[in-house]
Amino acid sequence: MTWRYAVLSLVMILALWGCAPQAVQRPSPPPSPSAPPGGVPPPKSAVKPPPTPPQTLPPRETPPSPSMVASAQWVDEAIHAIEARNYDRATALLERAISVEPNNGRAFYYYGLAMGERGDTRAALTLLRKAEILLRGDRQALGNVYAQMGMNLERLGHREEAIQRYEQALAQDPTHALARRRLQGLKS
Amino acid sequence: MKRSFHGFRRIFPRALFVLLPLAFFALLAAVYTYVHLSPLITVGFEGKRWSLSSKVYAEPASLYPGAPLRLEDLRESLERLGYRPVQSITTQGQYCIDGPQIDIGLRDFHYPYRVMPGRAVRVIVSGQTVREIRDLRDQQAISTVDLEPQLVSEFFSPERAKRRLVRLSEIPPHLTQALIAVEDRRFYEHRGVDWIGMLRALYRNLRAGKVTEGGSTITQQLVKNFFLTPTRSIWRKLAEMAMAVLVEVRYSKAAILELYLNEIYLGQRGSISINGVGEAAHLYFRKEAQELTVEEAALLVGLIRAPHVYSPAKHPERALERRNRVLAAMREAGYLSEERFQQALRTPLRVEAVTLELNRAPYFVDILREQLLQRYSLEDLTSNNLTIFTTLDVHMQDAAQRALAAGLARVDRRVSASNAGREAQGALIAIQPQTGFIRALVGGRNYMASQFNRVTQARRQVGSVFKPIVYAAVLESVFTPNGQATTALTRVEDAPTTFTYNGQRWSPENYDRHYLGWVGPRVALEHSLNVATVKFAERVGFETVARYARRMGIQGKVEPFPSLALGAIEATPWEVAQVYGVLANHGLQAGPMAVKEVMTGDERVLEKHHIDIEEVLQPATAYLVTNFLEGVLERGTARSARTAGFHWRAAGKTGTTDDSRDAWFAGYTPDLLVVVWVGYDDNQPLGLTGAQAALPIWVDFMKEVLVGRPSQEFLPPPGVVQMTVDPTSGGIATAGCPTRVTELFIEGSEPRALCPLHGMGK
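Sequence order for the protein chains is H and X. Here this note's numbering is used: position 147 in the first sequence is 186, and no number is missing along the way. Here this note's numbering is used: position 284 in the second sequence is 286, and no number is missing along the way.
If you want it as structure tokens, here you go:
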């Protein structure tokens, strides 16, 4: 085994000299061109960057696509229907919005909200989970998502989980009045 | 005088003796007829439930600025929807193309819970994209507008009659005038039976020596169609007359006309009979009944006598002659001036070639029918004018049918030497993963030849399309407390190996018997390495893999043997689509959905289905597997997709089973998941791999439906981190590391320590 330590030491000495050879065959594939957004650029042999800490993948920040703009129109109509407590109409409009742009987090949020109001709390929770993924990076929207999750968990009688969700909502948006009110109610 | 009076006194009692019983029997017969026939008529007329087929609609196409759209496709859609090309639009149901712009008089359409009001819009297309939409009334820009949904199919009763009901108020006066002029000129004067008309007909028939004219009134014809058989007998004629009188006693002329105009048979399209002027106006002229011109009304009325003989499509000269005869009758009856008559005569015969959409997606409709028959009786489904809104995208459905047909023809040509005249079969299902909406479904190469739906019914070995399940189970092990966590940096040796399970030995081989040595899951999946995959599966246990397979959508028998990791189980393309749907949708499974809503003719919503999502995998796991599968198209077994011109970001996996009996490709973009299977029904070897037989079909389909759409990234969910690591040591890369790669990890499973090999470089 000692020869291994010897080779290792040799490599480390060469590395210290700044001229480490490409001695170790890379067993994994080259960096994927399909690396997610914000991916670190390929290493440059001339410059040795310092160790990079783990980075949570950032949410996508791109201008809204045409389909997202079209989908938003359906969502706006659905909001009116929700305000009028016409949940059947609201869900029909939101399904249209999602069909046109299936990555519209706002549409999933209102869909979850409408389903919760209709009394389908389990469906509401999974839809809100999808909204949570799609609305990443939008703190205010996430505050709303977590608050609605809390509401639905309350409906299911899951008090502790509901408290957690309200706290998450406030962590995202400290001014979230609904989350604060419900949290106070549950804790009092 | 006296004598005659005496004569009268003598004859009268005798006549009375004869007449009274006659009158008595006549009265008795009248009472009997009334009592017997009256309820029949009441039921027949007042309780008349037209046998109206149920209509199956696809999802409406949305137009919005930036939407991909070819002008030609839009024109075709409008043609299919029955819109008429005109020079300048004046009403609903018309369109006008002028260079890159198209004006459309959109019709009203009633959806469940909402109405899309008709309006005139201008769509300006630039290249293959909608540039702008404007309301032609106020010139305001419109952000989105829906075309009416396209008809996919209809469920017909055994009569197979197609009819759209119209009210008399919706029928133009010249149509009823043409009818009265030709069929029953004394309609408003008689009481059901036109004795004068009958005598005239009798006289003319005797003179001609054959039956040239019927003496039946419109009411009699209606009674005959409603209640009686077409057999010719004196008793049937008497019953018809009696009933016609009764109908006239009880119902207004307007009610009789309305029933007649909705009932009358006006032609045939294949096995479907065209009944009523509403449907006929649509089929012959692409118009609503109220839009019919005098000439068109005359043509329709002319058809009543013998739709086959006077068919404008088959016998245009006869049809024109008959139309002109009707016009002449209208002039004779005073409904047309001489000038208008002459003008009408000069109008050429013009009918539209409207195709009757009998079934645009037969395998899809079969699934639908089966589902609906669990909730509705056959009679309700075929005769009660239900409107069934589905998730189907007709553009995708057409593309799927084309891609599969072309792909299977290619396969046949390629294996012609070995296939002994057999035809390869195939199946394709396209699903929107976020919603579970089925966008396209083709269950075989020819529905007329085989109704066996290979998407839902063909249980075939899945081969390597199963492998992503293994990696999902393996990567998710980081969430298992005290589990043997596997990350993208975990290595196993891809080399010939014998596995022992339950005392049995098994030595799998890689497809090309080429082994790559120490590999991680990314490379193993990209290159579909068999031995490495079994070793990864072994790390979490085959029972765990089997559990994930069931959880992700495999419904058949799943035994936890080592060969399971290589897809030695049977599943349908439908099940495979569910599995990949989980990966494409951040670990959430949206139940496949075909029916969205069912609505009655009076717009009552009988059922409404919501998007049904279930959490199956952690979002981070699904994202990581997707990221690995992207490499399959970039560097792995499906890289030929790139050389075939598919440039969108996508993830997918090929699959080939023993002796190449089944060829699979399952792949997805962020918005669309498509599974393709190719093989022989008798399970004989196909001799082609998934990349050779199924992938080209997938590529053809995707290229057609994604044209004009930008390539999209897969959205990273929370809980995924990326880190630059030294792939040799698996540690965090330092400045001294000669090779650094950026890799993805489920949060919490990323390396914590610096590269031990080059740590001093920091």
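For every residue, glycine included, the Cβ atom is placed at its ideal position computed from N, Cα and C. The structure presented is a predicted model; accordingly, all values stated were derived computationally and were not measured.
Opening and closing residue of the alpha helix (DSSP H) in which residue i lies
i: Gln694 of chain X; result: 692-695
i: Thr656 of chain X; result: Here Thr656 of chain X belongs to no alpha helix (DSSP H); instead the beta strand (DSSP E) covers 653-658.
i: Thr131 of chain X; result: Careful: Thr131 of chain X lies outside any alpha helix (DSSP H), inside the beta strand (DSSP E) at 131-137.
i: Glu297 of chain X; result: 296-305
i: Phe538 of chain X; result: 532-542
i: Tyr66 of chain X; result: First-last for Tyr66 of chain X: undefined, no H or E at that position.
i: Leu824 of chain X; result: Since the displayed chain X opens at 3 and closes at 764, residue 824 of chain X lies outside it and no answer follows.
i: Val584 of chain X; result: 575-586
i: Trp520 of chain X; result: Taken as a continuous stretch (DSSP letters only), Trp520 of chain X belongs to no alpha helix (DSSP H), being part of the beta strand (DSSP E) at 519-521.
i: Gly199 of chain X; result: 197-210
N- and C-terminal bounds of the beta strand (DSSP E) containing residue i
i: Gly2 of chain X; result: Given a span of 3 to 764 for chain X in the structure shown, any question on residue 2 of chain X remains unanswerable.
i: Gly428 of chain X; result: 427-434
i: Asn504 of chain X; result: Where Asn504 of chain X is concerned, there is no enclosing beta strand (DSSP E), given that its DSSP letter is neither H nor E.
i: Phe439 of chain X; result: 439-444
i: Thr392 of chain X; result: 389-392
i: Asp496 of chain X; result: 494-496
i: Gly721 of chain X; result: Unbroken run through Gly721 of chain X: none, as it is neither H nor E.
i: Thr130 of chain H; result: Run containing Thr130 of chain H: none in the beta strand (DSSP E); it sits in the alpha helix (DSSP H), 126-139.
Other residues of its chain near residue i: CB distance less than 6 angstroms, five sequence neighbours each side excluded
i: Ala244 of chain X; result: Thr35
i: Arg135 of chain H; result: Trp113
i: Val685 of chain X; result: Just to set this straight, residue 685 of chain X is Asn in the shown sequence, not Val. Closer than 6 angstroms at the Cβ level, and outside the excluded window around Asn685 of chain X, lie Arg663.
i: Glu745 of chain X; result: Ala490, Val727
i: Ala218 of chain H; result: Ala186, Tyr205, Ala208, Leu209
i: Glu495 of chain X; result: Trp520
i: Glu161 of chain X; result: Ser53
i: Val542 of chain X; result: Ala475, Val476, Ser479
Residue i (DSSP reduced to helix, strand or coil)
i: Ile173 of chain X; result: coil
i: Asp100 of chain X; result: strand
i: Met190 of chain H; result: helix
i: Met243 of chain X; result: helix
i: His284 of chain X; result: helix
i: Asp661 of chain X; result: helix
i: His112 of chain X; result: strand
i: Thr160 of chain H; result: helix
i: Lys559 of chain X; result: coil
i: Gly278 of chain X; result: helix
i: Asn421 of chain X; result: coil
i: Asn264 of chain X; result: helix
i: Gln453 of chain X; result: coil
i: Glu752 of chain X; result: coil
i: Val123 of chain X; result: strand
Beta-carbon contacts of residue i that lie in its chain and below 7 angstroms, excluding the five residues immediately before and after
i: Arg109 of chain X; result: Gln94, Gly95, Gly120, Glu150
i: Lys169 of chain H; result: Phe147
i: Met200 of chain X; result: Gly217
i: Asp395 of chain X; result: Ala60, Glu61, Arg441, Ala442
i: Pro172 of chain X; result: Contrary to the premise, residue 172 of chain X reads as Glu rather than Pro in this sequence. Closer than 7 angstroms at the Cβ level, and outside the excluded window around Glu172 of chain X, lie Ala291, Gln292.
i: Val413 of chain X; result: Ala426, Val680, Leu690, Ala695
i: Tyr550 of chain X; result: Ile471, Ala474, Ala475
i: Leu759 of chain X; result: Asp728, Thr730, Ser731
Sequence-distant residues of the same chain with beta carbon closer than 8 angstroms to residue i, five excluded per side
i: Arg606 of chain X; result: none
i: Ser509 of chain X; result: Pro498, Thr499, Thr500, Phe501
i: Arg65 of chain H; result: Because the pLDDT at Arg65 of chain H is just 30, under 50, the model does not fix this residue reliably, and the value given afterwards should be weighed accordingly. So the list is empty, once near-sequence residues are dropped.
i: Ala487 of chain X; result: Ser479, Val480, Ser751
i: Arg651 of chain X; result: Glu632, Thr671, Pro672, Ser713, Gln714, Glu715, Phe716
i: Leu242 of chain X; result: Looking at the sequence provided, one finds Glu at residue 242 of chain X rather than Leu. Counting only Cβ-Cβ distances below 8 angstroms, and skipping sequence neighbours, we find Ser218, Gln222, Val225, Lys226, Leu230.
Listed by chain order, chain H residues near residue i by CB distance under 8 angstroms
i: Pro719 of chain X; result: Ile172, Arg175
Contacts that residue i makes with chain H (C-beta to C-beta distance below 9 angstroms)
i: Gly68 of chain X; result: Ser104, Pro105, Ser106, Val108, Ala109
i: Ser466 of chain X; result: Here the premise fails: no neighbours, minimum Cβ distance about 18 angstroms.
Closer than 8 angstroms: residue i CB and nearest the ligand ATP heavy atom
i: Thr726 of chain X; result: Among the ligands in the structure shown, none appear at all, so the ligand ATP cannot be discussed.
Partner residues on chain X for residue i, Cβ-Cβ distance less than 9 angstroms
i: Leu132 of chain H; result: Tyr115, Arg116
i: Asp127 of chain H; result: Pro114, Tyr115, Val607, Lys610
i: Ala162 of chain H; result: His612, Ile613, Asp614, Ile615
7 angstroms Cβ cut-off: residues of chain X touching residue i
i: Pro141 of chain H; result: Gln434, Gln436, Thr437, Asp673
Within chain X, partners of residue i - CB distance below 8 angstroms
i: Gln94 of chain H; result: Val723, Gln724, Met725
Worksheet item: Which residues, taken in chain order from the stretch 605-639 of chain X, show a beta carbon closer than 8 angstroms to some beta carbon of chain H?
Response: Val607, Lys610, His612, Ile613, Asp614, Ile615, Glu616, Glu617, Pro621, Asn629, Glu632, Gly633, Glu636, Arg637
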